[in-house]
Every structure is written in structure tokens, then in C-alpha cells.
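Residue numbers for the sequence shown follow the working numbering, beginning at 2 and rising by one. C-beta atoms are modelled at their ideal positions from N, C-alpha and C, and glycine is treated no differently. Accompanying notes for the structure given below.
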Amino acid sequence: MKRYQHMFEQLAKQKQGAFVPFITIGDPGPELSFEIIKTLIDAGADALELGIPFSDPIADGPTIQSANIRALAAGVTPAICFDIIAKVREYNATIPIGLLLYSNLVMARGIDNFYSQAAAAGVDSVLIADVPLHESKRFRQAATKHNIAPIYIVPSNIDDEDLRQVASYGRGYTYLLSRAGVTGTETAAAMPTGELIDRIRSYNPAPPLLGFGISTPAHVRAALDNGAAGAISGSAIVKLIEQHQHHPAELLLSLQQFVSSMKAAT
């Protein structure tokens, strides 16, 4: 959890926001996936948000669903994902690494065992997309036991009581949704108003990062201008992987250029 705190402190000193890319681990295959993650880091990512391939990613749109299918077809398992994460942690000791996944993946390995393995691999946070706030206690307790930050999602229409609980339970960062629906660039981000982010910040949650539909430097800039601490972009990056999956050199170059441009907007 301290890696997030250190990241936000350093960014504040530099008067920058955070840019956080998301990809599905193992897409399109384990070896290239590791090279992709290294490229994201080298291009300027402040933190990483990574998904473990799952057959029913209900919070994700078609682009990230396809990434899950590619990774599963390549034989990628949670154990392989943890191996890749451990290699990433060896490559970079300081960058915060978060997981965004689904509860079946956690339950299948046993909650405590999952968080233990995640911590051993070098994971800093876990967001479980299909566990509602009122059912999150056992996951949160396991996360805390293993020094992993539990991440909570904040929709724009959240009520005050849920917001108070998110601020109380969440650590690392807070995932602020730009809009309702599933992930994807098919529907552009709808920037929350500065007043809304001020209201969210009044409960003193972990720093809010805006996600869903973030695909351009202008989106990143608008998120920061409205008071977010940074932005998360997933589907736009995964689309590049899909487009260039059979041409690794072109893929890594396009990812480097995209992440650099998004980071420059912070």
C-alpha cells in the first residue's frame, strides 16, 4: 500500500496527476504480455492495473472481453499471471501494481490463499468488480491481513452513506467511474463535475482516479482539471494490442507512443 502513497506524494511534488494503464495479463500470450507491461512502465505509467483472464468479465465491454478470450486461448492461468507479476516486480520495485478482477477467481483459490499469493508476487491493491460494498468485508479483511489495498468503485450517483463507507474502507486509490455501463471506448467518458469530485473528496477517501471511456490525452486533462488525482485507461490500450498482436515490434512502439502522450497530459 505504501507504493501508492509514495507515488501520489511524488506526483504532488511534480504537480502532476497519475496515468494508469490497464491490460489483461497474458494477452495475447504470456511472453509478449510481459514485454507489453515493461513497455507501459518505460513509457511513463505511474501505476499498473492488471486483469486476470476470466470467462465472464461482466463489468467489461467487448474489447476487454476479447482480451480475456485471447489470454485464455493462450493457456494463461492465474498461476501464470502471478508468475508474470513477480517478473514485473523484479523489473520495477517501486511502481504500484493493482489487480482488477472478479470474485470467482479469488474464491476458487480460497480468499486468504489468493491474497497471500498476490502479496508474494508483489501486488499492491485488489479491486473485485462484482463484489458490492456491503459484501466486501471478508475480502477487505484478507487484503488488510496481507498488506494489500482494497479498492472500491465510486459511481457518480453514490449516496452519502456508501461514500462514507468507501472512504473508511478503501486504501491506495478510489476508482471513480466517469459513467455507468461497462468498460470501453465505444461510449466516451462523461466527466464528473468539479462539484461532484469536491463532494467525494470531502469524505477524504483514497485519491480518486477516473476510469471508463478514458482514451485521449484530452480526457486525462479534463479528469485532472475537474479534481481527479489521475486517470485510468484500459480499452484504448487493449485495442492497440488487438490491432497489432501479430506484429510485436509495431505493437510495442504504438503502446509506447500512446502511453507517453497520455502521461504528457498529466
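So the alpha helix (DSSP H) residue i belongs to, where does it begin and stop?
i	result
E50	Looking at the DSSP string, E50 is not in any alpha helix (DSSP H); the run it does join, the beta strand (DSSP E), is 49-52.
F20	Unbroken run through F20 is the beta strand (DSSP E), 19-25; no alpha helix (DSSP H).
S126	No alpha helix (DSSP H) contains S126, which is instead part of the beta strand (DSSP E) from 126-129.
I112	112-122
L134	Here L134 belongs to no alpha helix (DSSP H), and DSSP marks it neither H nor E.
D43	31-43
Q66	63-74
Y92	79-92
Please report the straight-line C-alpha distance between residue i and residue j, rounded to a whole angstrom.
i	j	result
S179	A143	29 Å
A19	P209	10 Å
S117	L211	28 Å
A168	L177	12 Å
P22	C82	17 Å
S56	I154	22 Å
R172	G76	33 Å
I233	L12	15 Å
V221	S203	22 Å
P206	Y174	8 Å
Buried or exposed: which applies to residue i, given that a residue is buried once 16 or more other Cβ atoms fall within 10 Å of its Cβ?
i	result
K264	buried
Y92	exposed
Q66	buried
G99	buried
T95	exposed
From the DSSP output, read off the bridge partner residues of residue i.
i	result
T145	The partner list for T145 (beta bridge, DSSP) is empty, contrary to what the question assumes.
L210	Y176, G231
A150	S126
V155	L177
With a threshold of 7 Å, establish whether the CB of residue i neighbours any heavy atom of the ligand SAH.
i	result
Y92	Ligands in the displayed structure: none, and consequently the ligand SAH is not present.
Report back the beta-carbon spacing between residue i and residue j to the nearest angstrom; my notes put them in contact at under 8 Å.
i	j	result
L134	G52	Incorrect: roughly 21 Å between the Cβ atoms, too far for contact.
V240	T64	In the sequence as displayed, the identity of residue 240 is Lys instead of Val. About 6 Å separates the two Cβ atoms, so the contact holds.
A122	A150	With a Cβ gap of about 15 Å, A122 and A150 do not count as contacting.
At what residues does the beta strand (DSSP E) containing residue i begin and finish?
i	result
I269	With the chain covering only 2 through 267, there is no way to say anything about residue 269.
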